Amino acid sequence: MPPVEPVRDAAAVWDIAVPARPSRVAGVSMAAFRGRTKSLVEMQVIPYPALTLFIDFGDGLLVDDTSGQGARGAIVAGLSLGGVRGSGRDIDCLQVRLSPVVAHAMLGASAELGGAVVDLEELWGHDAVRIRERLNATRSPVDRFAIVEAALARRHETGTAIDPEVVYCWERMTSSRGRIRVEQLAEEVGWSRKRLWTRFRSQIGLTPKTAAKLIRFDHAAHRLVAGHSAAAVAADSGYADQSHLHRDVVAFAGVTPTAVAVAPWLAVDEVAWTGAGQARPNRRSWR
53 MPPVEPVRDA
63 AAVWDIAVPA
73 RPSRVAGVSM
83 AAFRGRTKSL
93 VEMQVIPYPA
103 LTLFIDFGDG
113 LLVDDTSGQG
123 ARGAIVAGLS
133 LGGVRGSGRD
143 IDCLQVRLSP
153 VVAHAMLGAS
163 AELGGAVVDL
173 EELWGHDAVR
183 IRERLNATRS
193 PVDRFAIVEA
203 ALARRHETGT
213 AIDPEVVYCW
223 ERMTSSRGRI
233 RVEQLAEEVG
243 WSRKRLWTRF
253 RSQIGLTPKT
263 AAKLIRFDHA
273 AHRLVAGHSA
283 AAVAADSGYA
293 DQSHLHRDVV
303 AFAGVTPTAV
313 AVAPWLAVDE
323 VAWTGAGQAR
333 PNRRSWR
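In this note's numbering, the protein residues as written are 53 to 339.
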């Protein structure tokens, strides 16, 4: 078996570029990755509270953990429990994170993406083919960012927006880091618990309870990576105890809190997504 390159030092393995400014479409963030090694790279993507569009220009492979089926090219990963594995050589890809509140309009799908990896062509048809042809015609991340942003903006303008009540609930969940009860949200928007559950599930792709747990997990995972103890993270993040944190981490990431604390993809996450649109000393870019 070819050697597997450790990816803990993200800056040593990847050249990473980000747009010079935030996207003009709220809820969209992008980063471009180009491998700096010829060795086989394998990594597990830790679940994140956003849908993720991967557009691969090299020899990458993305696998949906829930089904084990591989996919190449341009794929969308839903709000998946268990995450997504990636592997390949000479990786050159663009990653786009879409907030669930805009993904519904941009992708034309939501519930069916709750835990799946789907080819973008299944959602966009021939438009996906045309966009990939344009993206493949340039190696500049700046041009690729512009092409994808324009396509997403068009989709956002013509797509079906989700209920403002669902947007409100999602924003309340994120601002509270997942520490809010569904009953309270239903009361705040004037819906029954059943109606909120149904509308939220159909438009976001997860139930309100699971979405809140995912947001809370994401906050806890980044706290673990920052070096905080599992006991402190459990107490600060709203878990009943350390065992409760352990169960949630295993449910979402498939590994223990100790493993999450040194997760390679979270190291990449720190380089690519923190302070998006702002220069960082360990972020590399190319033209």
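Where is the CB? At the ideal position from N, CA and C, for every residue including glycine. On a predicted model such as this, the values are computed, not experimentally measured, just so you know.
Problem - Cβ distance (whole Å) where S128 is taken to contact L105 below 8 Å - result: The residue you asked about is not Ser; residue 128 is Val in the sequence shown. Right, the Cβ-Cβ distance comes to about 5 Å (below 8 Å), so this counts as a contact.
Exercise for the section: Rank A311, G306, V80 and A189 by C-alpha distance to the C-alpha of F109 and give the top, closest one. Expected result: A189
Exercise for the section: Would you identify the three-state DSSP class for W243, choosing helix, strand or coil? Expected result: coil
Handout entry: Three-state class that DSSP yields for W325 in the structure shown
Key = helix
Practice task
From the DSSP output, in three-state form, read off L159 for me.
Solution key: helix
Exercise for the section: Answer with buried or exposed for R253, where buried requires no fewer than 16 other C-beta atoms within 10 angstroms of its C-beta. Expected result: buried
Problem - Sequence-distant residues of its chain with Cβ nearer than 7 Å to S81 (five each side left out) - result: S75, R149, W325 and A328
Handout entry: T259 Cβ short of 7 Å to the ligand COA heavy atom set
Key = This structure does not include the ligand COA; it has no bound ligands of any sort.
Exercise for the section: Determine, using beta-carbon pairs with one atom in the segment 308-322 and one in the segment 262-282, whether at least three such pairs fall under 8 Å. Expected result: yes
Practice task
Measure the alpha-carbon distance for T262 versus L92 and round it to whole angstroms.
Solution key: 34 Å
Problem - CB of D300 within 8 Å of CB of F269, strictly - result: yes
Practice task
Identify, in the order they occur along the chain, each residue of the same chain with its Cβ nearer than 8 Å to the Cβ of A283, setting aside the five sequence neighbours on each side.
Solution key: Q294
Handout entry: Secondary structure of R299, DSSP reduced to three states
Key = helix
Exercise for the section: Consult DSSP for T104 and reduce its assignment to one of helix, strand or coil. Expected result: strand
Exercise for the section: Examine the Cβ distances between the segment 167-185 and the segment 218-227 and report whether three or more of them are shorter than 8 Å. Expected result: no
Problem - Residue environment, E209, which counts as buried when at least 16 other CB atoms sit within 10 Å - result: exposed
Exercise for the section: With a threshold of 16 other CB atoms inside 10 Å of the CB of R233, please say whether the residue is buried or exposed. Expected result: exposed
Problem - Neighbour-count burial assignment, D142, 16 or more Cβ in a 10 Å radius - result: exposed
Problem - Candidates A272, H298, L297 and A202, of which the one nearest L318 by Cα - result: A272
Exercise for the section: Look at the alpha carbon of T12 and the alpha carbon of G138, and state the distance between them as a whole number of angstroms. Expected result: Nothing can be reported for residue 12, as the shown portion of the chain is limited to 53 through 339.
Exercise for the section: Return the CA-CA distance between V181 and H296, expressed in angstroms with no decimal places. Expected result: 44 Å
Practice task
Could you check the C-alpha separation between V70 and R245 for me, to the nearest Å?
Solution key: 40 Å
Exercise for the section: For the alpha helix (DSSP H) containing D288, list its first residue and its last residue. Expected result: A282 to S289
Exercise for the section: Tell me where the alpha helix (DSSP H) around A203 begins and ends. Expected result: P193 to T210
Handout entry: Under 8 Å between C-beta atoms of G257 and P99
Key = no
Practice task
Would you kindly check if the distance between the Cβ of F85 and the Cβ of I107 is under 8 Å?
Solution key: no
Practice task
Measuring alpha carbon to alpha carbon, tell me which of A72, A126, L159 and D195 ends up nearest Q147.
Solution key: A126
Handout entry: Backbone secondary structure at V154 - three-state DSSP
Key = helix
Handout entry: A278, DSSP secondary structure in three states
Key = coil
Handout entry: For L266, three-class secondary structure by DSSP
Key = helix
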